[in-house]
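Residue 2 is where the sequence shown starts when you use this note's numbering, and the numbers rise one by one after that. The beta carbon of each residue, even a glycine, is placed where N, CA and C say it ideally should be. A short worksheet on the structure shown next.
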Amino acid sequence: MASIISTSIVTYPLKEFLIVKPIAMAIVLYICLRKISKNSSKEIIIILSVTIGFILVTDFFAHYIYGIFTNFDYTNSLELSVPRIIAILFGYIVYFTLTMGFSLFWNKIVNSIKKIFILILILVPTSQFTLLLGMYLYNYDNLTEKLLQYGIACVVILIAVDTLLYLSIKEYSKLTKKEKEREFEKMKQGMEFSYYKLANQNKEYISKLKHDIRNQLQTAYFLLNNSNNNIDAQNIVDNISHRLESLDNIYYCENSIVNTIISLKTTEAKKYKIPTKISLRDIDKLVINELDLCSIFSNLYDNAINCCIKNKYKENNFISIISSKEAGYIVIKFLNWCDLDIVFNKKNTILTTNKDSKNHGYGLKILNDITNRYDGNLSMKHENNIFSITLLLKIE
Numbered sequence: 002m003a004s005i006i007s008t009s010i011v012t013y014p015l016k017e018f019l020i021v022k023p024i025a026m027a028i029v030l031y032i033c034l035r036k037i038s039k040n041s042s043k044e045i046i047i048i049l050s051v052t053i054g055f056i057l058v059t060d061f062f063a064h065y066i067y068g069i070f071t072n073f074d075y076t077n078s079l080e081l082s083v084p085r086i087i088a089i090l091f092g093y094i095v096y097f098t099l100t101m102g103f104s105l106f107w108n109k110i111v112n113s114i115k116k117i118f119i120l121i122l123i124l125v126p127t128s129q130f131t132l133l134l135g136m137y138l139y140n141y142d143n144l145t146e147k148l149l150q151y152g153i154a155c156v157v158i159l160i161a162v163d164t165l166l167y168l169s170i171k172e173y174s175k176l177t178k179k180e181k182e183r184e185f186e187k188m189k190q191g192m193e194f195s196y197y198k199l200a201n202q203n204k205e206y207i208s209k210l211k212h213d214i215r216n217q218l219q220t221a222y223f224l225l226n227n228s229n230n231n232i233d234a235q236n237i238v239d240n241i242s243h244r245l246e247s248l249d250n251i252y253y254c255e256n257s258i259v260n261t262i263i264s265l266k267t268t269e270a271k272k273y274k275i276p277t278k279i280s281l282r283d284i285d286k287l288v289i290n291e292l293d294l295c296s297i298f299s300n301l302y303d304n305a306i307n308c309c310i311k312n313k314y315k316e317n318n319f320i321s322i323i324s325s326k327e328a329g330y331i332v333i334k335f336l337n338w339c340d341l342d343i344v345f346n347k348k349n350t351i352l353t354t355n356k357d358s359k360n361h362g363y364g365l366k367i368l369n370d371i372t373n374r375y376d377g378n379l380s381m382k383h384e385n386n387i388f389s390i391t392l393l394l395k396i397e
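Structure (structure tokens):
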């Protein structure tokens, strides 16, 4: 809103040049957005195109409304500010309605709408109401009765629209929340089923292993007591030790969601012969949304596995996962071998030339959003071919 107001002031001297003014507004708006926005140039150009088109349409609509009330007499152009405000407000209503409609049927749009845009949709009509009321109070003595009635009607419309926007946003938030809850429940059920299958597989494996070890121990005991050559007995004991070391660890922490993710991802890591070391503490009673926990551990583990797969010297691969509670924060740290070229930008995002760099960047955006929600911090380091990423989430 501030950018649009600043742009209007800067380009006001060009009001008579209908073609030059939109171009000038586009340039000024682009500069403003580059300074205050974290969006990429491509995203800014898209926002810019929509904004300029929106301004041109509402400006034309404002001229038309004003013409109806003045028999299309534009000699007093200062009065045009009143219908322009109404036109912009009307445009926002149309825009918000279309966005609401599409978001219900297109999940990508739902995920792309940010809180800042919803906040703008609330602030814009509120600021317009304040501006309109102040303008009428300041010029009250010079207003005609017809324009005064028109202004009062505008104020009533603005209040009604503010209320409508609030109710619409509230309903939209409920729908979005319910949709996310349904998606998470499906994902949670899928993970629980996977965990159940994994647990049963390990249970069967452990039962079979116990039976085999019992028989092998009896054989080793017999050899030790009835033979002068203990080599065969030693081989049996070594085999038992090796099989015990290869036993998969299915329990990492008391949190079932985190435990499921770690179990499944660790099984995946072992398929690529990636050694793992996991020490999870203080995870069982966290006041953190389960969906956020799922996003944190799945994204971080996936990133570590993908990095190890692409490493040049795979014999050095390893993944280490640590969590602990420190000074009111839960600390989650992932470390892995990384002999790839990694560059960080100012936005704490990794710049890579990999084909999946877009998805990797999206995962980091998710992690940044989560850390911001919990007043935390996300930090990354790449030193001596060791990549580490640490999350601090406030829990007290």
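Whether Ile-345 touches Ile-390 by CB criterion (8 angstroms):
Translated into the one-based positions of the sequence shown, residue 345 becomes position 344. Translated into the one-based positions of the sequence shown, residue 390 becomes position 389. Inspection of the sequence shows that residue 345 is occupied by Phe rather than by Ile. The Cβ-Cβ distance between Phe-345 and Ile-390 does not fall below 8 angstroms.
Beta-carbon spacing of Asn-337, Ile-320 below 8 angstroms
Stepping through the sequence shown from its first residue, residue 337 is reached at position 336. Stepping through the sequence shown from its first residue, residue 320 is reached at position 319. By the CB criterion at 8 angstroms, Asn-337 and Ile-320 fall inside the cutoff.
Is Ser-324 close to chain D, meaning its C-beta is less than 8 angstroms from at least one C-beta of that chain?
Looking for chain D here will not work: only one protein chain is present.
How about Ile-284 and Cys-254: do their beta carbons lie closer than 8 angstroms?
On the sequence shown, residue 284 is found 283 positions in, with the first residue counted as 1. On the sequence shown, residue 254 is found 253 positions in, with the first residue counted as 1. Result yes, Cβ atoms of Ile-284 and Cys-254 sit closer than 8 angstroms.
Would Tyr-273 be called buried (16 or more neighbouring beta carbons within 10 Å of its own) or exposed?
Here residue 273 is taken as the residue at index 272 of the sequence shown, counted from 1. Counting the other Cβ atoms within 10 Å of the Cβ of Tyr-273 gives fewer than 16, which makes it exposed.
For the alpha helix (DSSP H) containing Ile-320, name the first residue and the last one.
Reading the sequence shown from its first residue, position 319 is the one you call residue 320. Here Ile-320 belongs to no alpha helix (DSSP H); instead the beta strand (DSSP E) covers 320-327.
Check Glu-255 in the structure and name its three-state DSSP category.
Stepping through the sequence shown from its first residue, residue 255 is reached at position 254. Looking at Glu-255 - three-state DSSP - the assignment turns out to be coil, as it is neither helix nor strand.
Which class does Glu-397 belong to by DSSP, given the choice of helix, strand or coil?
Here residue 397 corresponds to residue number 396 of the sequence shown, with the count starting at 1. In the displayed model, Glu-397 falls within coil according to three-state DSSP, outside both helix and strand.
At what residues does the beta strand (DSSP E) containing Asn-337 begin and finish?
Against the sequence shown, residue 337 aligns to sequence position 336. Residues 330-338.
If you draw a straight line from the C-alpha of Leu-281 to the C-alpha of Arg-183, how long is it?
As a position in the sequence shown, residue 281 is number 280, starting the count at 1. As a position in the sequence shown, residue 183 is number 182, starting the count at 1. The alpha-carbon atoms of Leu-281 and Arg-183 are separated by roughly 28 angstroms.
For Gly-329, does the count of other Cβ atoms within 10 angstroms reach 16, so buried, or fall short, so exposed?
Walking along the sequence shown from the start, residue 329 turns up at place 328. A residue is called buried once 16 or more other Cβ atoms fall within 10 Å of its Cβ, and Gly-329, having fewer, is exposed.
At the level of alpha carbons, what is the spacing between Cys-339 and Ile-322?
Taking the sequence shown and counting its residues from 1, the one referred to as residue 339 is at position 338. Taking the sequence shown and counting its residues from 1, the one referred to as residue 322 is at position 321. Spanning the alpha carbons of Cys-339 and Ile-322 requires a straight line of approximately 15 angstroms.
Which listed residue (Asn-300, Leu-394, Val-332 and Glu-291) has its alpha carbon closest to that of Leu-365:
Reading the sequence shown from its first residue, position 364 is the one you call residue 365. For Leu-365, the nearest C-alpha among the options comes from Asn-300.
Give a yes or no on whether the C-beta atoms belonging to Leu-392 and Thr-372 are separated by under 8 angstroms.
Here residue 392 refers to the residue found at position 391 of the sequence shown. Here residue 372 refers to the residue found at position 371 of the sequence shown. The Cβ atoms of Leu-392 and Thr-372 sit closer than 8 angstroms to each other.
From this set, Leu-394, Ile-343, Ile-396 and Leu-368, which residue's C-alpha is nearest Asn-385's C-alpha?
The residue labelled residue 385 in the question sits at position 384 within the sequence shown. For Asn-385, the nearest C-alpha among the options comes from Ile-343.
Given this structure, state the Cα-to-Cα distance separating Asn-312 from Glu-172, to the nearest angstrom.
To locate residue 312, count along the sequence shown from 1; it is residue 311. To locate residue 172, count along the sequence shown from 1; it is residue 171. Their backbone Cα atoms lie some 48 angstroms apart in a straight line.
What span of residues does the alpha helix (DSSP H) with Glu-316 cover, start to end?
For the purposes of this step, residue 316 is identified with residue 315 of the sequence shown, where counting begins at 1. Neither: Glu-316 is in no alpha helix (DSSP H) and is coded neither H nor E.
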